[in-house]
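Undergrad: Let me begin by handing over the structure; questions about it come next.
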Amino acid sequence: MRKRSNLLRHSAELLQLSGPILLAHVTLLCSGIADAAMAGNYGTQALAAVGIGSSLWGTVFASFFGIIQGLSPIIGRKFGADETSQIGAWVRASTWLAVVLGAAGAVILALVAQPIFRFARVPEEVLSAALDYVSIVAMALPAALLMRVFYALTSAIKRPKPIVWINACALLVKVPLSFVLMHGLAGAPALGLAGCAYGTVAMFVFMALMSGVWLLVDPCYRQLGLRFRPAGADWRRACRVLALGVPIGISYLLEIGSLTVMAFIIARLGALTTAAHQILASLTGLMFMSPMALGVGAQTLIANAIGRGDRAAARDIAGTTICLSIVWGLAAAASLLGAASLVLRAYTSDLEVTEMALSLMPIFVLYVVFDAIQIVAASALRGYEQTLVPSLVYLVSLWGVGVLGGHVLTHGIALTVDWAPAIPALGLQGVWLAGTASLFTCALGLGYLLEVRSRS
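Quick note, the sequence shown lines up with residues 14 to 469 if you use the numbering used here.
Right, here's the structure in full:
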């Protein structure tokens, strides 16, 4: 009876905390959709440039955001231990870190964009526009990381609602501004695709400024010692954030990178196969958001519980979160199977592409279930400040099983020994079988680590 009561109580806490986090990420997703819609109306090449440029920007941003995310479990523990006066020093150190990482990331984007696009054989008619887009949105990285410091703080102290309001207001600023700058309205110069990029920069700058204003005017933050002083950076604390955050950033990079390489693996199979793959890949992005929000909630509550010395509660929260991830994954799988044709028709009217994607739906729904479990398990481990070993699990699972296995199963391999049969080429089915197996391996490995860590 007590276990059931704890399960219900922790489930309510997790859902209450993860709901606003999910809404905040939905608003950012809407920003990307708005960019694609405006670029699509401006021309096919502009749409392609935004898609390619956003992919590179998103990869770098997610990796650096992961580093800043190392702040969250630290603050979570301080908050749980009622050591709130120490939180401000950690926020100030992370603010300096965000500025340095943002500047470094902007330089990295500027340096690697052209070689990566050349390697990916981006058409010349798209290349120039994509490079211009990346060179502009790179300027948003420092502001975006400063915003993520605020995100880490508010989620760690269980007050994520400001993020929702700031993101929503920023979206209302970005969309009309991008439209005005693209088309040269209200006396502004017509910048084309560059206007869309400048709108994105303005959005993140607005979010960073609003975060600072919120910290100053909301009385609940006064007890956290957040007074900003003109002092130098506290690199000791910054290094602690790096120690936790760098493995998280690497994990994000490994995950995004594996999806990118999977796309390259099937690119040789033709436009039809690539289109079917892209639809499923797009669906994974939508399916990712709910378990991600649930995982952030779990990370916060676990860190809070450990901070106040209640490891039994931390273990209960971890178990509850895994149960919720399984329930969500199964519900999502059932929904996708039941409405598969309707969902796929929303992406394309091509019957061949629809049939190919539909044939992979039984594999894809397993992918969704295992993905939900591994996302939540990794986040729960971050609440225990365990980030290094999980990144190694990602490396082995996503790249050893997923990428290497995907290449072998997709294109087949002829073995030179008599006792082993050749591996047939399975095409698109092969890459999704390997991807699903990699997430199963990842969920198993991270789940085992969580079980061991929660008992210690």
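Backbone N, C-alpha and C fix where the C-beta goes; we use that ideal spot for every residue, glycine too. For clarity, every value in this text was computed on a predicted model and none was experimentally measured.
If you follow the alpha helix (DSSP H) that W445 is in, where does it begin and where does it stop?
TA: The count along the sequence shown starts at 1 and reaches residue 445 at position 432. Unbroken alpha helix (DSSP H) run through W445: L441 to R468.
Undergrad: Which whole runs of the beta strand (DSSP E) in the segment 346 to 379 are 3 residues long or more, in chain order?
TA: none
Undergrad: Here's the rule I'm using: 16 or more other beta-carbon atoms within 10 Å means buried, otherwise exposed. How should E398 be labelled?
TA: The residue given as residue 398 occupies position 385 in the sequence shown. Buried, because 16 or more other Cβ atoms sit within 10 Å of the Cβ of E398.
Undergrad: Figure out for me which residue from S191, K187, S76 and A151 has the closest Cα to the Cα of T40.
TA: Counting from 1 along the sequence shown, the entry for residue 40 is found at position 27. Answer by Cα proximity: K187.
Undergrad: What residue range does the alpha helix (DSSP H) around K187 cover?
TA: By one-based count along the sequence shown, residue 187 stands at place 174. Its alpha helix (DSSP H) spans residues K174 to H196.
Undergrad: Please name the residue, chosen from L439, L206 and V104, that lies closest to L144 on a Cα-to-Cα basis.
TA: For the purposes of this step, residue 144 is taken as the residue at position 131 of the sequence shown. Looking at the Cα atoms, L206 is the closest of the given residues.
Undergrad: Assign I426 to one of three DSSP states: helix, strand, or coil.
TA: Along the sequence shown, read from residue 1 onward, the residue named residue 426 stands at position 413. Reduced to three states, the DSSP call for I426 is strand.
Undergrad: Among the candidates M216, T108 and W341, whose CA atom is the shortest distance from the CA of I81?
TA: The residue you call residue 81 lines up with position 68 of the sequence shown. The candidate whose alpha carbon is nearest that of I81 is T108.
Undergrad: In angstroms, rounded to a whole number, what distance separates the CA positions of E365 and A359?
TA: Numbered from its first residue, the sequence shown carries residue 365 at position 352. Numbered from its first residue, the sequence shown carries residue 359 at position 346. C-alpha separation (whole angstroms): 14 Å.
Undergrad: Cα-Cα, which of V356, L371, F453 and V414 is closest to A390?
TA: As a first step, residue 390 must be located in the sequence shown, where it is residue number 377. Closest in alpha carbon position to A390, among V356, L371, F453 and V414, is F453.
Undergrad: Between which two residues does the alpha helix (DSSP H) carrying K91 extend?
TA: Along the sequence shown, one-based indexing puts residue 91 at 78. Taken as a continuous stretch (DSSP letters only), the alpha helix (DSSP H) holding K91 covers L84 to G93.
Undergrad: Reducing DSSP to helix, strand and coil, say where I498 ends up.
TA: Because the chain spans 14 through 469 in this model, residue 498 falls outside it and cannot be assessed.
Undergrad: By the three-class DSSP mapping on this structure, what secondary structure does L282 have?
TA: Within the sequence shown, residue 282 is the residue found at index 269, counting from 1. DSSP places L282 in coil when its eight states are reduced to three.
Undergrad: Taking its Cβ as the centre, do 16 or more other Cβ atoms sit within 10 Å of D48, making it buried, or is it exposed?
TA: Looking up residue 48 in the sequence shown gives position 35. Buried, by the Cβ-count rule.
Undergrad: Does P155 come out as helix, strand or coil in the three-state DSSP assignment?
TA: Locating residue 155 in the sequence shown gives position 142, counting from the first residue. Three-state result, P155: helix.
Undergrad: Can you tell me where the alpha helix (DSSP H) holding P403 begins and where it ends?
TA: Locating residue 403 in the sequence shown gives position 390, counting from the first residue. Note, P403: alpha helix (DSSP H), L401 to Y407.
Undergrad: Hey, how far is the Cα of F217 from the Cα of P437?
TA: Residue mapping note: residue 217 aligns to position 204 of the sequence shown, counting from 1. Residue mapping note: residue 437 aligns to position 424 of the sequence shown, counting from 1. Going from the Cα of F217 to the Cα of P437 covers about 48 Å.
Undergrad: Output the distance between the C-alpha atoms of M195 and R22, rounded to the nearest integer angstrom.
TA: Within the sequence shown, residue 195 is the residue found at index 182, counting from 1. Within the sequence shown, residue 22 is the residue found at index 9, counting from 1. Between the alpha carbons of M195 and R22 lies a distance of about 50 Å.
Undergrad: Out of L228, V340, L371 and I339, point me to the one whose CA is closest to L350's CA.
TA: Taking the sequence shown and counting its residues from 1, the one referred to as residue 350 is at position 337. Of the candidates L228, V340, L371 and I339, the one whose C-alpha sits nearest the C-alpha of L350 is L371.
Undergrad: Using a Cβ-Cβ cut-off of 7 Å (strictly less than) and excluding sequence neighbours within five positions of M51, which residues of its own chain qualify?
TA: The sequence position of residue 51 within the sequence shown is 38, counting from 1. So the list reads S191, F192, M195 and C209, once near-sequence residues are dropped.
Undergrad: Would you say L278 and T423 are within 7 Å of each other, going by their C-beta atoms?
TA: Counting from 1 along the sequence shown, the entry for residue 278 is found at position 265. Counting from 1 along the sequence shown, the entry for residue 423 is found at position 410. Sequence check: residue 278 is Ile here, not Leu. Result yes, Cβ atoms of I278 and T423 sit closer than 7 Å.
Undergrad: Could you tell me if A344 is buried or exposed, where buried requires 16 or more neighbouring beta carbons within 10 angstroms of its beta carbon?
TA: In the sequence shown, the residue the question calls residue 344 occupies position 331. By the 10 Å Cβ count, A344 comes out exposed.
Undergrad: Identify whether G208 lies in helix, strand or coil by the three-state DSSP scheme.
TA: Residue mapping note: residue 208 aligns to position 195 of the sequence shown, counting from 1. Reduced to three states, the DSSP call for G208 is helix.
Undergrad: For D247, which of helix, strand or coil comes out of DSSP?
TA: Stepping through the sequence shown from its first residue, residue 247 is reached at position 234. Of the three classes helix, strand and coil, the one that applies to D247 here is coil, per DSSP.
Undergrad: Assign S98 to buried or exposed, taking buried as 16 or more other Cβ atoms, counted over all protein chains shown, within 10 Å of its Cβ.
TA: Reading the sequence shown from its first residue, position 85 is the one you call residue 98. Its Cβ having fewer than 16 others within 10 Å, S98 is exposed.
Undergrad: Just to confirm, is the Cβ distance from L30 to G310 under 7 Å?
TA: Sequence index remark: in the sequence shown, residue 30 carries index 17 (1-based). Sequence index remark: in the sequence shown, residue 310 carries index 297 (1-based). Yes, Cβ-Cβ distance for L30 and G310 is below 7 Å.
Undergrad: Helix, strand or coil for Y397 per DSSP?
TA: Position 384 of the sequence shown, counting from 1, holds the residue named residue 397. If DSSP states are grouped into helix, strand and coil, Y397 belongs with coil.
Undergrad: Decide if C233 is buried, meaning its Cβ has at least 16 other Cβ atoms within 10 Å, or exposed.
TA: Counting from one through the sequence shown, the residue named residue 233 turns up at place 220. Flag for C233 reads exposed.
Undergrad: Between the Cα of W13 and the Cα atoms of L35, M152, A352 and A251, which residue gives the shortest distance?
TA: With the chain covering only 14 through 469, there is no way to say anything about residue 13.
Undergrad: Using 7 Å as the threshold, is the C-beta distance between P155 and P33 below it?
TA: Reading the sequence shown from its first residue, position 142 is the one you call residue 155. Reading the sequence shown from its first residue, position 20 is the one you call residue 33. Going by C-beta atoms, P155 is not nearer than 7 Å to P33.
Undergrad: Quick check: the Cα distance between R90 and A316, rounded to an integer number of angstroms?
TA: Within the sequence shown, residue 90 is the residue found at index 77, counting from 1. Within the sequence shown, residue 316 is the residue found at index 303, counting from 1. Roughly 5 Å separates the two Cα atoms.
Undergrad: Exposed or buried, what is Q387 when buried is set at 16 or more other beta-carbons lying within 10 Å of its beta-carbon?
TA: Residue 387 sits at position 374 when you count from the first residue of the sequence shown. Taking all protein chains in view, the Cβ of Q387 is crowded by 16 or more other Cβ atoms within 10 Å, so the residue is classified as buried.
Undergrad: Output yes or no for whether 7 Å exceeds the beta carbon distance between W227 and P175.
TA: Within the sequence shown, residue 227 is the residue found at index 214, counting from 1. Within the sequence shown, residue 175 is the residue found at index 162, counting from 1. Against a cut-off of 7 Å, the Cβ pair of P175 and W227 comes out as a contact.
Undergrad: Do L27 and F77 have their CB atoms nearer than 7 Å?
TA: Here residue 27 refers to the residue found at position 14 when the sequence shown is read from its first residue. Here residue 77 refers to the residue found at position 64 when the sequence shown is read from its first residue. Their beta carbons are not under 7 Å apart, which means L27 does not touch F77 by this criterion.
Undergrad: Considering only C-alpha positions, which residue in the set A133, Y211 and A251 is nearest to A102?
TA: Residue 102 sits at position 89 when you count from the first residue of the sequence shown. That would be A251, whose Cα lies nearest to the Cα of A102.
Undergrad: Restricting to runs no shorter than 4 residues, where is the alpha helix (DSSP H) found entirely within the segment 98 to 158?
TA: Segments of the alpha helix (DSSP H) lying fully in the segment 98 to 158: 100 to 132 and 137 to 150.
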